[in-house]
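Asker:
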């Protein structure tokens, strides 16, 4: 090295240092790779126009929630908008559920506002016996009072159309949705429970003050909240079909219609069968979307940032998108405002994809809704919203 010109010697030494550095990185790759993958998983996601964190004091508790307000679609009048309050699962946060659910994309496409509240201790004080849920180990929050106060605050601040507030939730959040449907039916226009069946005690205890429109989405291979229900010495849950049938009975619905939706993503290993109870009292509808072979996962056709536990929860369907399905369902319903008739006649009894209540943007048609299929997978040629008995 000493006989070489200084510039050449420096270049050779730099090359050797670079090679040693690359070798060190290669040796460290197995330890670094999980961190890199985690960082990549937590990056990305659809941008929205406005995301704000708010706090609300209820029954002596400081409660937190996020408000996601996309830009209004062209032609939508200014003022209060339809609002979806979305409840996370056990041990999730509003941020993690927002990243996972894909609801922001549906809100951005359709012009509604999504509100993500946080359960006390990251869990909800739902209607199941305490021994069946994490609240047995944690300080319970008055979640019913919180959700009532939150809905009223959103109306008072001019964010929410009081006739167009709906409630959706996944898992523990889905059980909380059903508790509100049974006890506060007059507060929300429609309800959605994802991966949450009805507690068995609701057969005697759930008495809504009005027929409640409700949508269930559940995987048949869900290993967390069993599709077929489960029993313990301290309580039990109904199967997903029995849960939907319970609300259909409470709503006074006609018999169900059933169809198999197109398998838009054969590689995801799932199929979706939709069972729908129409002609309920006051225009309500009950719908169950069974994701065959689906796990404890919310279907999504948009890119999301999954939780770390997602790979262990079973198959996630991409044949439908939960955000679009939720909006398509809830957009058909509105509550009568005091002193005014409902925003539309019983439009909820119309098939999925029909025009929603007046003043709300029309949902974009989804490809899986264009043609129904019979049980053999053959196209029936039925138009959007038609059913196969």
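Residue numbers (the working numbering): 10 to 398.
Idealized CB from N, CA, C, for every residue including glycine.
(1) When we look at the beta-carbon of residue 69 and count the other beta-carbons within 10 Å, is it buried (16 or more) or exposed?
(2) Taking the alpha carbon of residue 184 as the point to measure from, which residue in 198, 207 and 199 has its own alpha carbon closest?
(3) Pick out the complete alpha helix (DSSP H) segments inside the region 77-147, 4 residues or longer, and give them in chain order.
(4) Whole angstroms is fine: what's the gap from residue 223's alpha carbon to residue 256's?
(5) Let me know if residue 276 comes out buried or exposed under the rule of 16 or more other beta-carbons within 10 Å of its beta-carbon.
(6) Is the number of C-beta pairs between the region 228-237 and the region 301-313 that are closer than 8 Å three or more?
(7) Between which two residues does the beta strand (DSSP E) containing residue 230 stretch?
(8) Determine whether the beta carbon atoms of residue 333 and residue 95 lie at a separation below 7 Å.
(9) Using three-state DSSP, classify residue 236 as helix, strand or coil.
(10) Are the CB atoms of residue 90 and residue 132 nearer to each other than 7 Å?
(11) In angstroms with no decimal places, state the Cα-to-Cα distance between residue 192 and residue 157.
(12) Contact defined as beta carbons within less than 8 Å: I believe residue 399 pairs with residue 283. What is the distance between those atoms, to the nearest angstrom?
(13) Note down, in chain order, each residue of its chain lying with its Cβ closer than 6 Å to the Cβ of residue 201, except the 5 sequence neighbours on either side.
(14) Are residue 164 and residue 190 touching if we call contact CB-CB under 7 Å?
(15) Closest to residue 259 by C-alpha separation, out of 245, 211 and 111, would be which residue?
(16) Can you round the beta-carbon distance between residue 97 and residue 168 to whole angstroms, since I take them to be within the 8 Å contact cut?
(17) Tell me the residue span of the beta strand (DSSP E) that contains residue 252.
(18) My parser needs the beta strand (DSSP E) runs of 3 or more residues fully inside the region 278-339; what are they?
(19) Just the Cα atoms here: how many angstroms apart are residue 199 and residue 110?
(20) According to DSSP, which residues form a beta bridge with residue 225?
(21) With a CB to CB cut of under 7 Å and the five nearest residues on each side skipped, what residues in its chain are close to residue 295?
(22) Using three-state DSSP, classify residue 68 as helix, strand or coil.
(23) Please report how far the alpha carbon of residue 217 lies from the alpha carbon of residue 194, in whole angstroms.
(24) Does DSSP classify residue 219 as helix, strand or coil?
(25) Using 10 angstroms around the beta-carbon of residue 214, count the other beta-carbons present and answer buried if the total reaches 16, otherwise exposed.
(26) Using the beta-carbon count (16 or more within 10 Å), is residue 170 buried or exposed?
(27) Between the C-alpha atoms of residue 236 and residue 249, what's the straight-line distance to the nearest angstrom?
(28) Does residue 67 pass the burial test, meaning 16 or more other C-beta atoms within 10 Å, or should it be called exposed?
(29) What three-state label does DSSP hand residue 182 in the structure shown?
(30) Would you report the Cα separation of residue 241 and residue 318, rounded to the nearest angstrom?
(31) Give the single residue among 129, 172, 173 and 166 whose Cα lies nearest to the Cα of residue 153.
(32) Which of helix, strand or coil does DSSP assign to residue 263?
Answerer: Well, looking at it:
(1) exposed
(2) Comparing Cα-Cα distances from residue 184 to each of 198, 207 and 199, the minimum goes to 207.
(3) 103-110 and 112-119
(4) Approximately 8 Å, taken between the alpha carbons.
(5) exposed
(6) yes
(7) No beta strand (DSSP E) holds residue 230; DSSP gives it neither H nor E.
(8) no
(9) If DSSP states are grouped into helix, strand and coil, residue 236 belongs with coil.
(10) no
(11) 11 Å
(12) Because the chain is modelled from 10 through 398, residue 399 falls outside the range shown and cannot be assessed.
(13) 177, 224 and 335
(14) Contact flag unset, no.
(15) For residue 259, the closest of 245, 211 and 111 by C-alpha to C-alpha distance is 211.
(16) Wrong, their Cβ atoms sit about 20 Å apart, outside the cutoff.
(17) No beta strand (DSSP E) holds residue 252; the alpha helix (DSSP H) holding it covers 249-259.
(18) Counting whole runs of 3 or more residues, the region 278-339 contains the beta strand (DSSP E) stretches 280-286 and 295-301.
(19) Going by the C-alpha atoms only, they are around 18 Å apart.
(20) 202 and 297
(21) 223, 253, 256, 257, 260, 262, 286 and 289
(22) Three-state result, residue 68: coil.
(23) 6 Å
(24) Note: residue 219 maps to coil in three-state DSSP.
(25) exposed
(26) buried
(27) One C-alpha to the other measures close to 5 Å.
(28) Counting the other Cβ atoms within 10 Å of the Cβ of residue 67 gives 16 or more, which makes it buried.
(29) helix
(30) Answer to the nearest angstrom: the Cα atoms are 25 Å apart.
(31) 129
(32) DSSP, reduced to helix, strand and coil, places residue 263 outside both helices and strands of the structure shown, so it counts as coil.
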